[in-house]
Amino acid sequence: MAARKGALVSEITEADLRLLRIFRAVAESGGLSAAEARLRMERSTISRHVQTLETRLGGALCLRGPAGFELTELGRTALQAAITACDTLDQVRDQLNSTHDVVVGQLALGLADNCLTNSDAKIAEAIRQFRLRAPAVHLHISVRPPVDLAADLLTRHLHLAIGGPSVADPRLETHWLFIEEAKLYTAAPADPEADAAELVGRGYAVVTRDRDRHSLALANRLGAERCVVASGLEAVATLLAAGNCIGFLPTHLARSLSPSKPLVEVPRSEEWIYGSDFSLIHGVARPLSRAGHLMKDILLAVHAADPSAADLETARSGS
1 MAARKGALVS
11 EITEADLRLL
21 RIFRAVAESG
31 GLSAAEARLR
41 MERSTISRHV
51 QTLETRLGGA
61 LCLRGPAGFE
71 LTELGRTALQ
81 AAITACDTLD
91 QVRDQLNSTH
101 DVVVGQLALG
111 LADNCLTNSD
121 AKIAEAIRQF
131 RLRAPAVHLH
141 ISVRPPVDLA
151 ADLLTRHLHL
161 AIGGPSVADP
171 RLETHWLFIE
181 EAKLYTAAPA
191 DPEADAAELV
201 GRGYAVVTRD
211 RDRHSLALAN
221 RLGAERCVVA
231 SGLEAVATLL
241 AAGNCIGFLP
251 THLARSLSPS
261 KPLVEVPRSE
271 EWIYGSDFSL
281 IHGVARPLSR
291 AGHLMKDILL
301 AVHAADPSAA
311 DLETARSGS
């Protein structure tokens with residue numbers, strides 16, 4: 001659908017807001033078919049609504065067809081406008097409901113992968129408490145890479161995120177929650193006498209990850225000639241389980257793989273053990289809704305109530 005000149009939008013109607021909400025769901029789902037379940041509409045109905053909004057705005061919002069789904073420049077502008085409109089309406093709704101002991105609306109929470117098996121991560125307990133206290137809130141949970149979590153917060157696709165270390169950004173506010181410990185592993189059975197340098201000397205590959213300073217430092221320190229690159233912790237675990245590799249994994253994830261895919265800590269690798277801080281993150285410029293504040297308060301409370309987390313935080317503050 002070619003862009004065309006249309007009349008300026010002089011007034012936003014209730015129908016416009018509904019169309020913007022539908023388009024937002026399509027854009028965030030990555031296509032018309034992908035948005036069917038979220039909107040509970042048939043694809044043909046969704047397509048008709050998108051076309052109506054395109055006519056209203058005077059141009060194509062997205063390219064859709066065999067080549068895939070992609071937003072146009074107007075589509076990206078409309079998506080941000082839709083998010084802003086929804087945020088504003090959320091604030092109005094919260095003000096009107098402030099005298100009632102009820103929390104409603106939507107809350108999008110993004111998580112880093114493989115947090116569930118970490119006993120120090122009380123995320124499931126926080127969600128349980130949140131659903132008990134705010135059963136009317138539509139909760140959306142997604143698992144994303146750390147870089148994508150930050151980007152989705154800044155583009156307002158997420159309200160809150162729980163992620164590991166990331167590049168400091170003044171546009172994001174962080175609240176420490178827990179530490180994830182990682183050790184150097186290889187597939188079992190392994191030579192109990194062979195340390196990392198010896199294994200690399202025997203031709204073992206080092207599993208590295210993009211933008212992961214620990215695995216890159218290990219490969220450089222050992223002068224590894226063979227490296228394999230993994231994207232995501234499951235990819236690291238798969239390569240380690242395949243054999244003839246060494247690499248870092250969170251201790252909780254390595255334990256969860258036994259006995260089906262047993263991994264062992266590389267002998268004499270204590271110096272390589274490290275911990276990663278995981279934090280609750282949200283945008284500075286985007287006010288949290290009542291649902292967002294409630295989830296934030298619960299997450300901070302359940303992690304502060306964990307004695308091991310409190311001890312770790314005290315140690316971190318004193319170091």
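Residue numbers (the UniProt record's numbering): 1 to 319. C-beta: ideal position from N, C-alpha, C; glycine also. Just so it is clear, the structure is predicted and the values come from calculations on it, not from any experiment.
Excluding residues up to 5 positions away in sequence, Ala-112, Gly-163, Gly-164, Pro-165 and Ser-166 lie with their Cβ nearer than 8 Å to the Cβ of Pro-146 in the same chain.
Leaving aside the five residues that flank Asn-114 on each side, the residues in its chain whose CB is nearer than 6 Å to its CB run, in chain order, Leu-233 and Leu-253. Rounded to whole angstroms, the gap between the alpha carbons of Ala-124 and Leu-116 is 7 Å. Pairing Arg-18 with Leu-39, the inter-Cα distance amounts to about 11 Å. Here Ala-35 is near Ile-46, since their CB atoms are less than 7 Å apart. Look at Ala-205 here: in three-state DSSP terms it is strand. Put simply, of Leu-57, Gly-58, Gly-59 and Phe-23 the residue whose alpha carbon is nearest the alpha carbon of Arg-43 is Phe-23. For Cys-62, the closest of Ala-27, Ser-260, Ser-33 and Gln-129 by C-alpha to C-alpha distance is Ala-27. Taking every protein chain shown into account, the CB of Val-236 has 16 or more other CB atoms within 10 angstroms, so this residue is buried. For the 7 Å CB-CB criterion, Ala-187 and Gly-110 do not form a contact. In the three-state DSSP reduction, Leu-71 falls in the strand class (E or B).
At least 7 Å separates the beta-carbon of Val-50 from that of Ala-291.
Contact between Arg-209 and Ala-230 holds: CB atoms are separated by about 6 Å, below the 8 Å threshold.
Ala-194 places its beta carbon 7 Å or farther from that of Leu-222.
If you look at His-138, you'll find it isn't in any alpha helix (DSSP H); it sits in the beta strand (DSSP E) that goes 138-143.
Within the same chain, and ignoring the five residues on either side of Ala-161 in sequence, the residues whose Cβ sits closer than 6 Å to its Cβ are Gly-110, Leu-149, Leu-153 and Ile-281. Taking all protein chains shown into account, Val-103 has 16 or more neighbouring C-beta atoms within 10 Å of its C-beta and is therefore buried. Setting aside the 5 residues that flank it on each side, Lys-261 is surrounded in the same chain by Ala-241, each with a C-beta closer than 6 Å to its C-beta; the list follows chain order.
Closest in C-alpha terms to Ser-29, from the list Leu-79, Glu-73, Glu-11 and Gly-59, comes Leu-79.
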